[in-house]
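*Asks:* Taking my numbering, the leading residue of the sequence shown gets 169, the next gets one more, and so forth.
Built from N, CA and C at the ideal position, the CB exists for glycine as well.
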Amino acid sequence: MTIPRQFNNVVYRHPTQVNGKKSNIIDHMSILETKLRNEIVRTARQIAQNGLSRSSDGNLSARLSENRILITPAGAYKAWLQPDQIVQIDLDGNLCSRLSSNQPSSEYLMHLAVYRHRPDVKAVIHAHPPLAVALTLIGQPFPSDLVPEGLTALGDVPTVPYARPGTAQMGEQLLPYLANHDVLLLDHHGSLTVGKTLEEALIKLERLEAIAQLWMLARKVGELLPLPEIERAALRGSLSAS
């Protein structure tokens, strides 16, 4: 009798006999899909813990294959997210598989726009970082040039014009910016960070909020003194060369 053991929150079964030959059987999902589901859960919980999104706000996704992604479900409380809640869809928005009755995030069209136009992107995080979003409420451009890591890690961060959440317009509004930017602010709404991994997209999100916090703290105590122009140019050059 084969004894199942837990493998990253799904049941993994040891090699068993199929037609006289050994075969590894993994219930419900492949090893890669299992890994990505767990990474999405860990990242979502980290975002919630750090206050970068509240309650069910925001959504995350990861590329499973050339034409399929895994995405957080609609209305999920991110701090309690579980791997079996994650939904698999293709780049046309068709539901491919799911382990529960969940529907994909209502903002899945925004994620699909990124994956269609950026084949290099493997992960997308849409969050609601409060201080960074606050800058959009007062029409303040994001101050990437406040500190070196703003320019080297984030580059210029444009603000995408407002689009109603959950509409196709959200994805359409991104198109002029996607080719040259990995970090975007969404006017009166949130942020979008992309990367080759969820960790990379999360690091960009955390830096985005940290720089917004620095800007607000500095404004409270005195006049902002930006980096010298020659240094800003050199830092931008190092980003484009990387």
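Anyone know if the C-beta pair for E294 and G358 falls short of 8 Å?
*Replies:* Counted from its first residue, the sequence shown places residue 294 at position 126. Counted from its first residue, the sequence shown places residue 358 at position 190. The identity of residue 294 in the sequence shown is His, whereas the question assumes Glu. It is a contact, given that the beta carbons lie within the stated cut-off.
*Asks:* To the nearest angstrom, how far is the alpha carbon of W248 from that of R213?
*Replies:* Taking the sequence shown and counting its residues from 1, one reaches residue 248 at position 80. Taking the sequence shown and counting its residues from 1, one reaches residue 213 at position 45. Cα to Cα, the separation comes out at about 7 Å.
*Asks:* So what does R236 bridge to, in DSSP terms?
*Replies:* Taking the first residue of the sequence shown as 1, we reach residue 236 at position 68. As computed with DSSP, R236 is found in a beta bridge with S233 and D258.
*Asks:* With a cut-off of 8 Å on the beta carbons, I'd call E374 and N218 a contact; round off their distance for me.
*Replies:* One-based indexing of the sequence shown puts residue 374 at position 206. One-based indexing of the sequence shown puts residue 218 at position 50. About 7 Å separates the two Cβ atoms, so the contact holds.
*Asks:* What residues in its chain sit with their C-beta under 7 Å from that of S406, if we drop five residues either side in the sequence?
*Replies:* Numbered from its first residue, the sequence shown carries residue 406 at position 238. Around S406: T320.
*Asks:* Would you report the Cα separation of A244 and K290, rounded to the nearest angstrom?
*Replies:* Mapped onto the sequence shown, residue 244 falls at position 76. Mapped onto the sequence shown, residue 290 falls at position 122. Cα-Cα distance, rounded: 22 Å.
*Asks:* Would you grab the beta carbon distance between L232 and T211 for me? Rounded to a whole angstrom, and I think it's under 8 Å.
*Replies:* For this step, residue 232 is matched to residue 64 along the sequence shown. For this step, residue 211 is matched to residue 43 along the sequence shown. Actually they do not touch by this definition, with Cβ atoms about 15 Å apart.
*Asks:* Quick one: Cα of H279 to Cα of S312, how far?
*Replies:* Position 111 of the sequence shown, counted from the start, is the residue given in the question as residue 279. Position 144 of the sequence shown, counted from the start, is the residue given in the question as residue 312. Distance between the alpha carbons of H279 and S312: 24 Å.
*Asks:* Could you check which residue in A300, L238, A402 and V351 has the C-alpha nearest to that of S273?
*Replies:* Sequence index remark: in the sequence shown, residue 273 carries index 105 (1-based). It is L238.
*Asks:* How is the alpha helix (DSSP H) around G339 delimited, first residue to last?
*Replies:* Residue mapping note: residue 339 aligns to position 171 of the sequence shown, counting from 1. Annotation: the continuous alpha helix (DSSP H) that includes G339 extends over A336 to L346.
*Asks:* Between H356, L259 and N262, which lies nearest to V301 when the distance is taken from Cα to Cα?
*Replies:* Taking the sequence shown and counting its residues from 1, one reaches residue 301 at position 133. If we check each option's Cα against that of V301, H356 comes out closest.
*Asks:* So is S223 buried or exposed if we call it buried at 16+ other beta carbons inside 10 Å?
*Replies:* Locating residue 223 in the sequence shown gives position 55, where the first residue counts as 1. Flag for S223 reads exposed.
*Asks:* Please report the residue range of the alpha helix (DSSP H) in which H285 lies.
*Replies:* If you number the sequence shown from 1, residue 285 lands on position 117. First-last of the alpha helix (DSSP H) with H285: Y276 to H285.
*Asks:* Consult DSSP for N270 and reduce its assignment to one of helix, strand or coil.
*Replies:* What you label residue 270 is simply residue 102 of the sequence shown in a count that begins at 1. Coil.
*Asks:* Give me the residue from E399, L322, L385 and L342 with the minimum Cα distance to P329.
*Replies:* For this step, residue 329 is matched to residue 161 along the sequence shown. P329 has its Cα closest to that of L342, out of E399, L322, L385 and L342.
*Asks:* I think L434 touches I379, with their Cβ atoms under 8 Å apart; what is that distance to the nearest whole Å?
*Replies:* The first residue shown for the chain is 169 and the last is 410, placing residue 434 beyond what the model contains.
*Asks:* What do you get for P309, buried or exposed, if any count of 16 or more other CB atoms within 10 angstroms of its CB means buried?
*Replies:* Taking the sequence shown and counting its residues from 1, the one referred to as residue 309 is at position 141. It is exposed - the Cβ of P309 has fewer than 16 other Cβ atoms within 10 Å.
*Asks:* Which complete alpha helix (DSSP H) runs does the stretch 356 to 409 hold, if anything under 4 residues is left out?
*Replies:* 366 to 389 and 397 to 409
*Asks:* For a quick check, are the C-beta atoms of T361 and L376 less than 8 Å apart?
*Replies:* Position 193 of the sequence shown holds residue 361. Position 208 of the sequence shown holds residue 376. The answer is yes: Cβ separation under 8 Å.
*Asks:* Going by alpha carbons, who is nearest to R286 out of L220, K372 and N235?
*Replies:* Start at 1 with the first residue of the sequence shown, and residue 286 comes out as number 118. Looking at the Cα atoms, N235 is the closest of the given residues.
*Asks:* Between the Cα of R404 and the Cα atoms of R387, E275 and L322, which residue gives the shortest distance?
*Replies:* Residue 404 sits at position 236 when you count from the first residue of the sequence shown. For the residues R387, E275 and L322, the minimum Cα distance to R404 belongs to L322.
*Asks:* In or out: A402 buried (at least 16 other Cβ within 10 Å) or exposed?
*Replies:* Indexing the sequence shown from 1 puts residue 402 at position 234. So A402 counts as exposed.
*Asks:* Taking the beta carbon of K164 as the centre, do at least 16 other beta carbons fall within 10 Å, making it buried, or is it exposed?
*Replies:* Given a span of 169 to 410 for the chain in the structure shown, any question on residue 164 remains unanswerable.
*Asks:* Thinking C-beta only, is L259 closer than 8 Å to Y283?
*Replies:* In the sequence shown, the residue the question calls residue 283 occupies position 115. In the sequence shown, the residue the question calls residue 259 occupies position 91. Yes, Cβ-Cβ distance for Y283 and L259 is below 8 Å.
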